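Number of protein chains: 4
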Amino acid sequence: MAKLYFKYGVMGSSKTAQALITKFNYEERGMTVWLIKPSVDDRDGVDFLKSRIGLSQKATVILPDQSIREAYRNAGEHDVIIADESQFFTPEQIDELRELVDEKDLPVLCFGLRTDFLTNFFPGSRRLMELADSITELKTVCSCGAKATVNARIDADGKVVTKGAQFLLGGNDAYVAMCHSCWRKRIREQGE
Amino acid sequence: MAKLYFKYGVMGSSKTAQALITKFNYEERGMTVWLIKPSVDDRDGVDFLKSRIGLSQKATVILPDQSIREAYRNAGEHDVIIADESQFFTPEQIDELRELVDEKDLPVLCFGLRTDFLTNFFPGSRRLMELADSITELKTVCSCGAKATVNARIDADGKVVTKGAQFLLGGNDAYVAMCHSCWRKRIREQGE
Amino acid sequence: MAKLYFKYGVMGSSKTAQALITKFNYEERGMTVWLIKPSVDDRDGVDFLKSRIGLSQKATVILPDQSIREAYRNAGEHDVIIADESQFFTPEQIDELRELVDEKDLPVLCFGLRTDFLTNFFPGSRRLMELADSITELKTVCSCGAKATVNARIDADGKVVTKGAQFLLGGNDAYVAMCHSCWRKRIREQGE
Amino acid sequence: MAKLYFKYGVMGSSKTAQALITKFNYEERGMTVWLIKPSVDDRDGVDFLKSRIGLSQKATVILPDQSIREAYRNAGEHDVIIADESQFFTPEQIDELRELVDEKDLPVLCFGLRTDFLTNFFPGSRRLMELADSITELKTVCSCGAKATVNARIDADGKVVTKGAQFLLGGNDAYVAMCHSCWRKRIREQGE
Numbered sequence: 000m001a002k003l004y005f006k007y008g009v010m011g012s013s014k015t016a017q018a019l020i021t022k023f024n025y026e027e028r029g030m031t032v033w034l035i036k037p038s039v040d041d042r043d044g045v046d047f048l049k050s051r052i053g054l055s056q057k058a059t060v061i062l063p064d065q066s067i068r069e070a071y072r073n074a075g076e077h078d079v080i081i082a083d084e085s086q087f088f089t090p091e092q093i094d095e096l097r098e099l100v101d102e103k104d105l106p107v108l109c110f111g112l113r114t115d116f117l118t119n120f121f122p123g124s125r126r127l128m129e130l131a132d133s134i135t136e137l138k139t140v141c142s143c144g145a146k147a148t149v150n151a152r153i154d155a156d157g158k159v160v161t162k163g164a165q166f167l168l169g170g171n172d173a174y175v176a177m178c179h180s181c182w183r184k185r186i187r188e189q190g191e
Numbered sequence: 000m001a002k003l004y005f006k007y008g009v010m011g012s013s014k015t016a017q018a019l020i021t022k023f024n025y026e027e028r029g030m031t032v033w034l035i036k037p038s039v040d041d042r043d044g045v046d047f048l049k050s051r052i053g054l055s056q057k058a059t060v061i062l063p064d065q066s067i068r069e070a071y072r073n074a075g076e077h078d079v080i081i082a083d084e085s086q087f088f089t090p091e092q093i094d095e096l097r098e099l100v101d102e103k104d105l106p107v108l109c110f111g112l113r114t115d116f117l118t119n120f121f122p123g124s125r126r127l128m129e130l131a132d133s134i135t136e137l138k139t140v141c142s143c144g145a146k147a148t149v150n151a152r153i154d155a156d157g158k159v160v161t162k163g164a165q166f167l168l169g170g171n172d173a174y175v176a177m178c179h180s181c182w183r184k185r186i187r188e189q190g191e
Numbered sequence: 000m001a002k003l004y005f006k007y008g009v010m011g012s013s014k015t016a017q018a019l020i021t022k023f024n025y026e027e028r029g030m031t032v033w034l035i036k037p038s039v040d041d042r043d044g045v046d047f048l049k050s051r052i053g054l055s056q057k058a059t060v061i062l063p064d065q066s067i068r069e070a071y072r073n074a075g076e077h078d079v080i081i082a083d084e085s086q087f088f089t090p091e092q093i094d095e096l097r098e099l100v101d102e103k104d105l106p107v108l109c110f111g112l113r114t115d116f117l118t119n120f121f122p123g124s125r126r127l128m129e130l131a132d133s134i135t136e137l138k139t140v141c142s143c144g145a146k147a148t149v150n151a152r153i154d155a156d157g158k159v160v161t162k163g164a165q166f167l168l169g170g171n172d173a174y175v176a177m178c179h180s181c182w183r184k185r186i187r188e189q190g191e
Numbered sequence: 000m001a002k003l004y005f006k007y008g009v010m011g012s013s014k015t016a017q018a019l020i021t022k023f024n025y026e027e028r029g030m031t032v033w034l035i036k037p038s039v040d041d042r043d044g045v046d047f048l049k050s051r052i053g054l055s056q057k058a059t060v061i062l063p064d065q066s067i068r069e070a071y072r073n074a075g076e077h078d079v080i081i082a083d084e085s086q087f088f089t090p091e092q093i094d095e096l097r098e099l100v101d102e103k104d105l106p107v108l109c110f111g112l113r114t115d116f117l118t119n120f121f122p123g124s125r126r127l128m129e130l131a132d133s134i135t136e137l138k139t140v141c142s143c144g145a146k147a148t149v150n151a152r153i154d155a156d157g158k159v160v161t162k163g164a165q166f167l168l169g170g171n172d173a174y175v176a177m178c179h180s181c182w183r184k185r186i187r188e189q190g191e
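Protein chains in written order, with numbering that gives the first Met the number 0: chain Z, 0 to 191; chain E, 0 to 191; chain P, 0 to 191; chain L, 0 to 191.
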């Protein structure tokens, strides 16, 4: 029986690289992969997944009000769906992915962030954490050596930001992954 | 560095038994365990954890508006905190457990349900899924042989309930753990 | 597709309790479990599995030169096989369990020790580590707070034993689970 | 406390890519990585790690009779050791890596194959499975859709080989990763 997978990690935990390597592995066995991403993340152009280590692939972009089931029907049958930046899907789109798993016995692997810069879920990651059959963490280190779990947002003065919109148009350089303990310590030391 | 653990599972996945076995293992090494549970679940009397397989222990009951940090201070220092039915803690109480982990280097192991009978988070399990350093599933089987992930609520006629309050005073017998696919199938066949 | 599982852990990591809880969970779903153990471990009488926390069940005893496939045929069809003390099966018996998984689509869950008091495999655990589809650790703590991974053998003077037969008739009290670092440190401090 | 990690997988499960991505992640946090491999695998020239997806890095080559501790001393202090093709280290070299973890609180991450084409351990993977604090599988699929766990050796006629030396000088093309059930089935159908 196919499963819905959520493979979550902080920024810089190589989520996109893992998504592309997984695609490579499936294709090497002669299977077909439908590679998708939500449109809200337009960091790399409309339709490209790019990992920091240098891997890159074209992906189908899903708009927030688009039906994934319909898009899948148009794309034709595949052996597996791999999605990156899954935190930005709507809960309804995650429900659709869940239905595809159950009805078509189709594995769906979703890579994405767990939480925002204040440790709150994104809509898509919340629904994935509720519905996934398999939840795995892609790990990376905090500079203290512990596992990083928080996506700290850093302002121009190097301070940890503790207020603001969940989604900040702009890019990666304003975020540093750290462990929860280091994150709290830095906020405390800033005098907030 | 100590961690915040969330060990989640469906009803009947032996969460309470696991909590009590973990306590036993720590104590066998000469460590002290503070065993707690939220008050909202009064299935087994005010202050007892009882597993279906026959294990049982007295636990400190935490009220919804109570500070866990204060209760911990009153209880005295321990080597580890183990909590059962953690889905019923408030998000603020989970934040307090997170602080105890970070500030006192104290391991906190939370056992609990992931989602309610409609696959939505409880307040405590949502916050745990956002903040835990380690997320592990306690597994059990659906009657089809696949892994059970949904806590289906069953009414007196044996039908799967799809509406109603998240928390139903009453007890276990109205719930059956099943896989998502079997759950959807039964709802579909009921003609809803 | 059914799997061969190896759930390993040090002494005192609640392997037997986990085996019995897993049996309980399967049976609660109306499935039948064939509970087995190798004969070489006769700690608890010929045919009983007893966990330190107080759970206990009758199990079918498998002799070293016995065919598990034949014993299974005689026992009649079941939905799942659960084995405790699996480190004491012969490699040939583990191969037979592997065949039952593949040919009958029958899940087989083996609980057991990973290594002996000198960190070397037992024959059964070696073969399980080579063949299992799923390898999971049942964890417990060292008295230093880290995870215990070594089954240290302790003599009457409280010293860590570093020579001797792999299998010592006698019992549990001569073993203490500890982390590798504490184990090495104690051997060093003994002046060996 | 630092750990010894064994991240095992079949051929084609992206072990080298994972090793290089992990190195990238550590270095991005300002940490230094000592990248090593045993000499016996000279597929990619004396001192290069190359992943099929296109990533590649220079690594220090360790000879079978060389002391890793001495080589580490010569290489200078680092924050982490990452090793690829770890199945080809000698058991003594794995013991040395274990000592570095314990004595220097230095994380050591070993990537490698679990078993050979007949499902038997390599010397290095056996010792890692005995000693590792953390054992994780890097997964890939069999062409039937199940998880691949066996490195089947295929001869020029496309037949699964069931006899021969553990280590075959030559290269990847003679191996196909498959699940244990498909592997047995192909051997059976060959009439062996």
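Using N, Cα and C, we set each Cβ at its ideal position, and we do this for glycine too. All figures in this text were calculated on a predicted structure; none of them were measured in a lab.
> Whose CA, out of L:P122, L:D101, L:K103, L:L105, lies closest to the CA of G111 (chain L)?
Replying inline: L:P122
> If you scan the stretch 65-108 of chain P from start to end, which runs of the alpha helix (DSSP H) of 4 or more residues do you find wholly inside it?
Replying inline: 67-74, 90-103
> Would the beta-carbon of T31 (chain L) fall within 7 Å of that of H77 (chain L)?
Replying inline: yes
>> For R152 (chain Z), report the span of its alpha helix (DSSP H) as first-last.
In response: No alpha helix (DSSP H) contains R152 (chain Z), which is instead part of the beta strand (DSSP E) from 149-152.
> Where does T161 (chain Z) sit, in a helix, a strand or coil, going by DSSP?
Replying inline: Coil.
>> What are the residues in the stretch 1-29 of chain L lying within 9 Å of chain Z by C-beta distance?
In response: A1, G11, S12, S13, A16, Q17, L19, I20, T21, F23, N24, Y25, E27, R28, G29
> What are the residues of the stretch 140-168 of chain P that lie near chain E, defined by any Cβ-Cβ distance shorter than 7 Å?
Replying inline: V140, S142
> Skipping 5 residues on each side, what residues in its chain have a beta carbon closer than 7 Å to that of S66 (chain P)?
Replying inline: E95
> Per DSSP, M195 (chain L) is paired with what?
Replying inline: Since the first residue shown for chain L is 0 and the last is 191, residue 195 (chain L) is missing from the structure and cannot be characterised.
>> Give me the chain P residues within the contact set of I134 (chain L), using Cβ-Cβ distance strictly less than 8 Å, ordered along the chain.
In response: I134, E136
> Is S55 (chain L) near the ligand FMN, in the sense that its beta carbon is under 6 Å from a heavy atom of that ligand?
Replying inline: This structure lacks the ligand FMN, and indeed carries no ligand of any kind.
>> I'd like to know if I186 (chain L) contacts chain Z, where contact means its C-beta is closer than 7 Å to some C-beta of that chain.
In response: no
>> Suppose the cutoff is 6 Å on Cβ atoms and the five residues either side in sequence are ignored; what does the same chain contact list for Q92 (chain L) look like?
In response: I67
> Can you tell me the Cα-Cα spacing of V203 (chain E) and S180 (chain Z), whole angstroms?
Replying inline: Because residue 203 (chain E) is not part of the residues shown, which for chain E are 0 to 191, the question remains open.
> Does D43 (chain L) have its Cβ less than 7 Å from a Cβ in chain Z?
Replying inline: Confidence is the limiting factor: at D43 (chain L) the pLDDT is only 49, short of 50, which leaves the residue's position unreliable, though a coordinate-based value still follows. Against chain Z, the CB of D43 (chain L) has no partner CB under 7 Å away; the residue lies outside that interface.
> So S124 (chain L) is in the alpha helix (DSSP H); what residue range does that whole segment cover?
Replying inline: 122-130
> Apart from the five residues just before and just after R152 (chain P), which ones in its own chain have a Cβ nearer than 8 Å to its Cβ?
Replying inline: Take R152 (chain P), set aside five residues on each side of it, and the residues of its chain with a beta-carbon closer than 8 Å to its own are F116, V159, V160, G163, L167, A173, Y174, in chain order.
> Near Q17 (chain P), what residues of its chain come up, given a Cβ to Cβ distance below 7 Å and the 5 sequence neighbours on each side ignored?
Replying inline: K6, F110, L137
> With respect to the alpha helix (DSSP H) encompassing F209 (chain P), which residues constitute its N-terminal and C-terminal limits?
Replying inline: Residue 209 (chain P) cannot be examined here, being either before or after the span of chain P that is shown, 0 to 191.
>> Less than 7 Å between CB atoms is the rule here; does I52 (chain E) satisfy it with respect to chain P?
In response: Interface residue, yes.
>> I need the straight-line Cα distance from A147 (chain Z) to M177 (chain Z), nearest angstrom please.
In response: 4 Å
>> Judging by CA-CA distance, which residue of E:E26, E:G11, E:R187 is the nearest neighbour of I81 (chain E)?
In response: E:E26
> Which residue or residues does DSSP assign as beta-bridge partners of L48 (chain E)?
Replying inline: E:Q56
>> Taking DSSP's pairing of strands, which residues face V140 (chain Z) in a bridge?
In response: Z:K146
> Relative to the C-alpha of S85 (chain Z), which residue among Z:D154, Z:W182, Z:L62, Z:E102 is closest?
Replying inline: Closest option to S85 (chain Z), Cα to Cα, is Z:L62.
> Going along chain P, which residues have a C-beta under 7 Å from R183 (chain L)?
Replying inline: D101
> Does F110 (chain E) get closer than 7 Å to chain Z when you measure Cβ to Cβ?
Replying inline: no
> Of the residues P:E69, P:G53, P:V149, P:I35, which one's Cα is nearest the Cα of T59 (chain P)?
Replying inline: P:I35
> Since M128 (chain L) meets chain P, which of its residues come closer than 7 Å, beta carbon to beta carbon?
Replying inline: M128
>> If you reduce the DSSP assignment to three classes, tell me which class K2 (chain E) lands in.
In response: coil
> Which first and last residues belong to the beta strand (DSSP E) in which L112 (chain P) is found?
Replying inline: L112 (chain P) -> no beta strand (DSSP E), and no H or E assigned at all.
>> Taking 7 Å as the threshold (beta carbon to beta carbon), is F88 (chain P) in contact with chain L?
In response: no
> Should N226 (chain L) go down as buried or exposed, given a rule of 16 or more other Cβ atoms within 10 Å for buried?
Replying inline: The displayed coordinates of chain L run from 0 to 191. Any statement about residue 226 (chain L) would go beyond what the structure contains.
> So which residues of chain L does T114 (chain P) contact, with C-beta pairs closer than 7 Å?
Replying inline: E129
> Alpha carbon to alpha carbon, how far is V39 (chain Z) from F87 (chain Z)?
Replying inline: Rounded to whole angstroms, the separation of the alpha carbons of F87 (chain Z) and V39 (chain Z) is 7 Å.
> What residues of chain L sit near H77 (chain P), judged by a beta carbon separation below 9 Å?
Replying inline: The contacting residues do not exist; H77 (chain P) stays about 19 Å from chain L at best.
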